[in-house]
Structures are given as structure tokens and as C-alpha cells.
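Some notes on the structure that comes next.
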Amino acid sequence: MAFGLAVAPACPSGTAEAVGPVPRAVAASATGDGRGSASPAPVSADVGGAGRGPASTSSAAPRWQWPVRPPHLITRPFSPPTTAYGPGHRGIDVAADPGAEVLAPADGTVSFAGVVVDRPVVSIRHADGLVSSVEPVVPAVSAGERVSAGQVIGTVAVEPRHEPDGGVHLGARLVGEYVDPALLLASLRHAVLLPLDP
Numbered sequence: 001m002a003f004g005l006a007v008a009p010a011c012p013s014g015t016a017e018a019v020g021p022v023p024r025a026v027a028a029s030a031t032g033d034g035r036g037s038a039s040p041a042p043v044s045a046d047v048g049g050a051g052r053g054p055a056s057t058s059s060a061a062p063r064w065q066w067p068v069r070p071p072h073l074i075t076r077p078f079s080p081p082t083t084a085y086g087p088g089h090r091g092i093d094v095a096a097d098p099g100a101e102v103l104a105p106a107d108g109t110v111s112f113a114g115v116v117v118d119r120p121v122v123s124i125r126h127a128d129g130l131v132s133s134v135e136p137v138v139p140a141v142s143a144g145e146r147v148s149a150g151q152v153i154g155t156v157a158v159e160p161r162h163e164p165d166g167g168v169h170l171g172a173r174l175v176g177e178y179v180d181p182a183l184l185l186a187s188l189r190h191a192v193l194l195p196l197d198p
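The sequence shown begins at 1 in my numbering and counts up by one.
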């Protein structure tokens, strides 16, 4: 069974229960439609049993915004290659219809907007050293252009489709190394390791 990331909807208290691995095409939804969540929520966990409290009392905001409008469904998760040129999935695939608007995940400068092999790609260099790339995206921006988080940078290409289900591939690189973009989209609390009682 393949696993992906589910993003829990915000609870009235502003927190959600810890979300573990779930089947790939399943995600929590605030509307209950099973297709995704409008926004990530802080994750809490009772690390050491009843009464020990959450993993952390301070929540972190997501560093990036989703590249498409809700619902947000990760159809294929990040799978790092074991070697530099080995097989793997160097990003995440997010469900989106052809023609849907694609949004900048964070403020930055467009470093590339064009075609790589047969796919239209938009890459953005962000101030924190991260580089985001989305494909297949017909660009509405040009290299050198400054963009803001949430700004429309293009539309999902009708052809070629990405994977059998279509959607948008979101990649993230830090100093040339691929990292899991889902971690940048989630509001995660810092884990605090507690000693085990003997």
C-alpha cells in the first residue's frame, strides 16, 4: 500500500489530532468530501502517554503556500532517490485540473519560465535559499520577475499531463538537494523527546 500525507483540518480550538500515514489518495477535508483540506493545521501529539501534553506548545506557520487552490490532495508523495541519479520522486504531486491557476508558494524571483524537454516549468528562487519548481505549468511570468506568495504564476498545462492523473508537480531544492515540499506546506510543531519511565 502506498502512503501519502493527509493535512488535517483546523479544529475549533485551532489544533488537530496527530495525523499519521494514510493511503496515498486519502486526505482529511474540512467539508468531509475526502479530497483535501483548505489549510494545514498545527499537529499535536501525546508523546509519552496520557497527561504528558502536546509535543510542543508553540506552533509554526507553514513556510510555503499550496501551489493550487483548495481542495489540497497530494496524489503522490516525495520519495528521495538513494543516489544522485537514482530513481525516486523528487517532489510531490498535487491534484489540479488542466487550466487551473498555479500560485507562487512563497515570495521570490522567477529563475526560469520555459520548457524543459517537453514540459513547461516555472522555477522560483526564494530568499531563504530554497528553489521551488512547478510543472507542467504554462507560465504567466518571466525569468527575473519578482513574485509574491499566492500570486498566479501560470496555469496547469492541458498537454502534456503530469503522470496518469494530471495535476501539478511541486519540487523543492535547498543548495541543490531535493527536499520534501510537503514539510514546507505543513504547520508542524517541533518534537520534544521525553525520557521513558523505567
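Idealized CB from N, CA, C, for every residue including glycine.
Remember, it's a predicted structure, so these values are computed and weren't measured experimentally.
- Of Tyr-85, Ser-111, Pro-160 and Leu-170, the smallest CA-CA separation from Leu-185 is found for Leu-170.
- Measuring C-alpha to C-alpha distances from Arg-119 to each of Pro-195, Glu-145, Glu-159 and Leu-130 identifies Glu-159 as the nearest.
- If you keep only unbroken alpha helix (DSSP H) runs of at least 4 residues inside the region 144-188, you get 181-185.
- Here Phe-112 carries a strand assignment [DSSP, helix/strand/coil].
- The region 82-92 makes no contact with the region 143-152: fewer than 3 CB pairs, one atom from each, lie closer than 8 Å.
- Taking every protein chain shown into account, the CB of Val-117 has fewer than 16 other CB atoms within 10 angstroms, so this residue is exposed.
- Taking a 10 Å sphere around the C-beta of Leu-194, we find fewer than 16 other C-beta atoms and assign the residue as exposed.
- Sequence-distant Cβ neighbours of Pro-80 in its own chain, meaning closer than 7 Å and more than five residues away, are Gly-88 and Tyr-178.
- The straight-line gap separating the alpha-carbon atoms of Ala-127 and Ala-106 is approximately 9 Å.
- In this structure Ile-74 is not in contact with Ala-104, their Cβ atoms being roughly 19 Å apart against a cut-off of 8 Å.
- Membership of Arg-76 in the beta strand (DSSP E) is indicated by the continuous run 74-76.
- Counting along the chain, the unbroken beta strand (DSSP E) around Asp-93 starts and ends at 92-94.
- With distances taken between CA atoms, Val-156 lies nearest to Gly-167 out of Arg-63, Gly-167 and Gly-150.
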